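In our numbering, each residue's number is its place in the sequence shown (first place is 1) plus 899.
C-beta atoms are modelled at their ideal positions from N, C-alpha and C, and glycine is treated no differently.
Owing to the predicted nature of the structure, the values given are computational and were not obtained by experimental measurement.
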Amino acid sequence: MKGNSKLKSSFHKIILALLLMPFAAIADWGLNMTQGVTPISQEIYDMHMLTLW
900 MKGNSKLKSS
910 FHKIILALLL
920 MPFAAIADWG
930 LNMTQGVTPI
940 SQEIYDMHML
950 TLW
(Lines of atoms letter the chains of each structure in order from A and count residues from 1; the text may use other names and numbers.)
(Lines give C-alpha, C1' and ligand atoms only; values in the text may rest on other atoms or scores of the structure.)
Protein backbone atom coordinates (compact mmCIF):
# COMPACT_ATOMS: atom_id res chain seq x y z
CA MET A 1 0.00 0.00 0.00
CA LYS A 2 2.87 2.39 0.65
CA GLY A 3 3.99 2.15 -2.98
CA ASN A 4 0.45 2.89 -4.18
CA SER A 5 0.33 6.08 -2.10
CA LYS A 6 3.67 7.20 -3.51
CA LEU A 7 2.43 6.48 -7.04
CA LYS A 8 -0.72 8.55 -6.47
CA SER A 9 1.35 11.42 -5.09
CA SER A 10 3.64 11.36 -8.13
CA PHE A 11 0.66 11.16 -10.46
CA HIS A 12 -0.93 14.22 -8.83
CA LYS A 13 2.29 16.20 -9.15
CA ILE A 14 2.58 15.32 -12.83
CA ILE A 15 -1.04 16.30 -13.48
CA LEU A 16 -0.55 19.61 -11.67
CA ALA A 17 2.58 20.37 -13.70
CA LEU A 18 0.76 19.58 -16.96
CA LEU A 19 -2.16 21.81 -16.00
CA LEU A 20 0.13 24.74 -15.19
CA MET A 21 2.26 24.43 -18.35
CA PRO A 22 0.00 26.50 -20.65
CA PHE A 23 0.15 29.44 -18.23
CA ALA A 24 3.94 29.38 -18.31
CA ALA A 25 3.90 29.32 -22.11
CA ILE A 26 1.47 32.24 -22.35
CA ALA A 27 3.50 34.35 -19.92
CA ASP A 28 6.40 34.64 -22.37
CA TRP A 29 4.42 34.76 -25.61
CA GLY A 30 6.46 36.77 -28.09
CA LEU A 31 4.60 36.09 -31.33
CA ASN A 32 1.90 38.72 -31.09
CA MET A 33 1.57 41.21 -33.92
CA THR A 34 3.20 44.59 -33.33
CA GLN A 35 1.27 47.80 -33.82
CA GLY A 36 1.70 49.35 -37.24
CA VAL A 37 2.95 52.81 -38.20
CA THR A 38 0.67 53.62 -41.15
CA PRO A 39 -3.09 54.10 -40.78
CA ILE A 40 -3.82 50.91 -42.75
CA SER A 41 -1.43 48.82 -40.67
CA GLN A 42 -3.01 50.23 -37.49
CA GLU A 43 -6.45 49.15 -38.74
CA ILE A 44 -5.09 45.69 -39.51
CA TYR A 45 -3.58 45.53 -36.03
CA ASP A 46 -6.93 46.54 -34.51
CA MET A 47 -8.71 43.81 -36.52
CA HIS A 48 -6.09 41.29 -35.41
CA MET A 49 -6.56 42.20 -31.75
CA LEU A 50 -10.33 42.13 -32.09
CA THR A 51 -10.45 38.69 -33.69
CA LEU A 52 -7.67 36.89 -31.83
CA TRP A 53 -7.79 38.42 -28.39
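Residues near residue i in its chain [Cβ-Cβ closer than 7 Å; skip 5 each side]
{"i": "I943", "result": "G935"}
Cβ pair residue i, residue j closer than 9 Å
{"i": "H947", "j": "M932", "result": "yes"}
Range covered by the alpha helix (DSSP H) that runs through residue i
{"i": "T950", "result": "938 to 951"}
6 Å Cβ shell around residue i - same chain, five flanking residues per side excluded
{"i": "A916", "result": "none"}
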